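As structure tokens, the structure follows; a few thoughts come after it.
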Amino acid sequence: MLKWIGWLLLPVTLLAQNDQPDLLIINGRIVDGTGNSWYHADIAIRNGKIEAIGKNLRRQATRVIDAQNRIVAPGFIDVHTHIEDDEKKDPLAQSFLYDGVTTCITGNCGLSNVNIGKYLNWIDSLKLSINVASLIGQNDVRRDVMGRANRNATPDERMRMEYIVEKAMKDGAVGLSTGLIYIPGTFTPTEEVVRLAAIAGKYNGVYATHIRSEGDSVVPAIKEALHIGKEGNIPVQISHFKLSGQQNWGRSKQTLAMVEEARMNGQDVTIDQYPYTASSTSISTLFPDHILADGQDSIRARLQRPEIRKEVIASIKDRLKKRGLKHLSYAVVASYDADSTYNGKSIEQINLMKGRKHKVKEEAEIVMEIQMNGGASAVFHGMGEEDVKRIMKYPFNMIASDAGIRVLNEGVPHPRGYGTNARVLGKYVREQKIISLEEAIRRMTSLPAQKFNLKDRGLLKEGMAADIVVFDEKIVNDLATFEKPHAYSIGFEYVIVNGSLTVDQAKHNGTRSGKSLRNQSR
């Protein structure tokens, strides 16, 4: 039998084959990302898009996936990652995909590639298994123009930084990030950040900030972030919202109230969080800022001066006193290139391992030795579980890992690089019922997509990009621990990226269909 289309004569069977979807997901419980209750439906995927959602879409397809009553949700969007320099280590991005993540937003904490256009083009040529969007990092912009100098920028230097940010936004950056506890962010006056934020705001970007303090000075730090957002006319995203140090436990009541008050006054401010009571960053954060100015040679020279060493020891003693601790037991080395035997051990343990006196002074000497030899990343235990839960309940809070692409058995990193989303779904949704399943998925999908202007992501809706996860909410769980962090999450049976099946029956099949996602606001 033949059928006319215009003057083109085609067999009906051929028409049917051309019209069939690439993938068909049947028997699933759809959690669409809106926060609404799940419902039963099938999903047809064709040419990288969601073609149809409905009941009994029983049609032929290249591949049919029987979800068997599992949850079918949009692929998760991790709004706070640091994947730079990890992309080639594992282009399959398994640590993210096995945790349900299909899109990463990198360039956070002021740290990014300065040439965003070149970076995003490279991402497309590399072909990762995940999608990548990037912020432009203020720290690296400033470093590119004036190094690690501890001073205000000249008018010419400001103009050069502003040019870099504007070009980055035109090239597809989704916003500006700052890391105001890191050099040279710590040396940057507020109004310099305002000028850069205003440029990003012109292009409908987001201001994502690692604020100047997450501990004793958290209140003025949040006020500064809100000021930058207001003066720069730009939405604010406060990164990894938390309270550091035992002396600050419980203050999330105060800090969340600040965010909510700003929202009630009409300011677009949201937050993100990783679901752990430990942070991870450079061990350099244990030093007074001025010691870290300029390059490594300058830092090494300063740390050889007796008066500077005394200052560092005094600063660490004061830090421990405020926390109510006697030793640097809360600071655990994650990755130290100069001596891998330090990895996974606290500074207190390393000091004892080296046969030194069990004194804070000796532990501070270890910290200085590490920094003089190039530094190290570390895990810092010092947050309260009640604050974690209270922050998680806040409705305008997204789930984020603050991690790069993990490589199995490389260092002793924070487990958040493997298990962030699974931990929320397993521990805080299923076991402790802190938030509902539908609400957790909204925080991982449509809320991030809306905030970062990813207009075709974050929802299961006809015409949207087919980034989809299928998981069993009864068994989904994080297996990574602080002691043994190298373990992929379980429970994610299927992960689809841009319409391509990438995780198939809980196993990555090698597909690399990710792409760069650029600012879609212009």
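Counting from 46, one number per residue, gives the positions in the sequence shown under the working numbering.
Beta carbons: idealized from backbone N, C-alpha and C, even for Gly.
All of these numbers come straight from a predicted model, not from anything done at the bench.
Query raised in the report: With which residues is Asp549 paired in a DSSP beta bridge?
Result: To locate residue 549, count along the sequence shown from 1; it is residue 504. BP columns for Asp549 point to Tyr539, Lys552.
Requested in this report: Return the chain-ordered list of same chain residues with a C-beta closer than 8 Å to the C-beta of Ile336, the five sequence neighbours on each side being excluded.
Outcome: Along the sequence shown, read from residue 1 onward, the residue named residue 336 stands at position 291. Contacts found: Ile344, Arg347, Leu348, Ile353, Glu356, Val357.
Query - For Arg193 and Gly340, the rounded distance between their alpha carbons - result: Here residue 340 corresponds to residue number 295 of the sequence shown, with the count starting at 1. Here residue 193 corresponds to residue number 148 of the sequence shown, with the count starting at 1. So the two alpha carbons sit approximately 7 Å from each other.
Query raised in the report: Based on Cα-Cα distance, which residue from Asn522, Arg115, Gly99, Asp313 lies nearest to Tyr539?
Result: Mapped onto the sequence shown, residue 539 falls at position 494. The residue with the shortest Cα to Cα distance from Tyr539 is Arg115.
**Report entry** Beta-carbon proximity check, Thr315 vs Gln282, cutoff 7 Å
**Finding:** Here the question's residue 315 lines up with position 270 in the sequence shown. Here the question's residue 282 lines up with position 237 in the sequence shown. It is a contact, given that the beta carbons lie within the stated cut-off.
Query raised in the report: Quick one, which of Asn195, Tyr381, Pro200 has its alpha-carbon nearest Thr233's?
Result: Stepping through the sequence shown from its first residue, residue 233 is reached at position 188. Per the Cα distances, Asn195.
Query raised in the report: Is Leu53 helix, strand or coil when you go by DSSP?
Result: Within the sequence shown, residue 53 is the residue found at index 8, counting from 1. Unreliable positioning characterises Leu53 in this predicted model, as indicated by a pLDDT of 39, which lies under 50. A coordinate reading is not provided.
Requested in this report: Going by CA-CA distance only, name the one from Glu211, Val515, Leu102 that's closest to Ile535.
Outcome: Here residue 535 refers to the residue found at position 490 of the sequence shown. Ranking Glu211, Val515, Leu102 by Cα distance to Ile535 puts Val515 first.
**Report entry** Nearest to Ser258 (by Cα), restricted to the options Tyr227, Val469, Glu236, Ala178
**Finding:** Position 213 of the sequence shown, counted from the start, is the residue given in the question as residue 258. Looking at the Cα atoms, Tyr227 is the closest of the given residues.
**Report entry** Proximity of His459 and Tyr375 at Cβ, strictly below 7 Å
**Finding:** Working through the sequence shown from its first residue, we reach residue 459 at position 414. Working through the sequence shown from its first residue, we reach residue 375 at position 330. No, they are not a contact pair.
Query raised in the report: Of all the options Glu507, His531, Lys287, Leu370, which has the alpha carbon lying nearest to the alpha carbon of Asp77?
Result: Along the sequence shown, read from residue 1 onward, the residue named residue 77 stands at position 32. That would be Glu507, whose Cα lies nearest to the Cα of Asp77.
**Report entry** Of the listed residues Ser284, His85, Gly559, Tyr319, nearest to Val469 (C-alpha basis)
**Finding:** Position 424 of the sequence shown, counting from 1, holds the residue named residue 469. Nearest C-alpha to Val469: Tyr319.
Query raised in the report: What residue range is occupied by the uninterrupted alpha helix (DSSP H) comprising Asp189?
Result: Position 144 of the sequence shown holds residue 189. Taken as a continuous stretch (DSSP letters only), the alpha helix (DSSP H) holding Asp189 covers 183-191.
Query raised in the report: Using the beta-carbon count (16 or more within 10 Å), is Met309 buried or exposed?
Result: Position 264 of the sequence shown, counted from the start, is the residue given in the question as residue 309. Met309 should be labelled exposed.
**Report entry** Buried versus exposed call for Asn278 [16 or more other C-beta atoms within 10 Å across all chains shown]
**Finding:** Here residue 278 is taken as the residue at index 233 of the sequence shown, counted from 1. Asn278 should be labelled exposed.
Requested in this report: From the DSSP output, read off the bridge partner residues of Ile116.
Outcome: Within the sequence shown, the letter at position 71 stands for residue 116. Answer is Arg74, Phe516, bridged to Ile116.
Query raised in the report: Which residues in the same chain as Asp67 place their Cβ atom closer than 8 Å to its Cβ, once the five residues preceding and following it in sequence are excluded?
Result: Here residue 67 is taken as the residue at index 22 of the sequence shown, counted from 1. Excluding positions up to five away in sequence, the list reads Ile90, Arg91, Asn92, Ala106, Thr107, Arg108, Gly544.
Query raised in the report: On the premise that Ile513 lies in contact with Gly26, defined as a C-beta separation below 8 Å, what is that separation, rounded to the nearest angstrom?
Result: With the chain covering 46 to 567 only, the question about residue 26 has no answer from this structure.
**Report entry** The beta strand (DSSP E) enclosing Met428, as first and last residue numbers
**Finding:** If you number the sequence shown from 1, residue 428 lands on position 383. Met428 -> no beta strand (DSSP E), and no H or E assigned at all.
Report task. Could you pull the start and end residues of the alpha helix (DSSP H) that Met509 belongs to? Result -> As a first step, residue 509 is located in the sequence shown; it is residue number 464 there, counting from the start. No alpha helix (DSSP H) contains Met509, which DSSP labels as neither H nor E.
Query raised in the report: Touching or not, the stretch 494-504 and the stretch 444-461, by the rule of three or more beta carbon pairs under 8 Å?
Result: no
Query raised in the report: Between His125 and Val548, what straight-line distance do the alpha-carbon atoms span, to the nearest angstrom?
Result: Translated into the one-based positions of the sequence shown, residue 125 becomes position 80. Translated into the one-based positions of the sequence shown, residue 548 becomes position 503. Approximately 22 Å between the Cα atoms of the pair.
Query raised in the report: Which same chain residues, not among the five before or five after Trp52, have their C-beta less than 7 Å away from its C-beta?
Result: Residue mapping note: residue 52 aligns to position 7 of the sequence shown, counting from 1. At Trp52, the pLDDT of 35 sits below 50, so the modelled position is not reliable; the number obtained from the coordinates is stated separately. Closer than 7 Å at the Cβ level, and outside the excluded window around Trp52, lies no residue.
Query raised in the report: For Gln62, which residues of its own chain have a beta-carbon under 7 Å away from its beta-carbon, when the five flanking residues on both sides are left out?
Result: In the sequence shown, the residue the question calls residue 62 occupies position 17. Bear in mind that the predicted position of Gln62 carries a pLDDT of just 49, short of 50, making it unreliable; the figure below should be weighed with that in mind. Excluding positions up to five away in sequence, the list is empty.
Query raised in the report: Can Ala307 and Ala379 be called in contact, C-beta distance under 7 Å?
Result: Against the sequence shown, residue 307 aligns to sequence position 262. Against the sequence shown, residue 379 aligns to sequence position 334. No. Outside cutoff.
Query - Among Val377, His285, Asp313, the one whose alpha carbon lies nearest that of Leu271 - result: Counting from 1 along the sequence shown, the entry for residue 271 is found at position 226. Of the listed residues, the one whose Cα sits closest to Leu271 is Asp313.
Report task. Provide the residue span of the beta strand (DSSP E) that contains Lys355, from first to last. Result -> Here residue 355 corresponds to residue number 310 of the sequence shown, with the count starting at 1. Premise fails: Lys355 lies in the alpha helix (DSSP H), 351-368, not in any beta strand (DSSP E).
Query raised in the report: Can you list, in chain order, the residues of its chain whose CB lies under 8 Å from that of Asp342, leaving out five sequence neighbours each side?
Result: Taking the first residue of the sequence shown as 1, we reach residue 342 at position 297. Within the same chain, Asp342 has no close Cβ partners at all.
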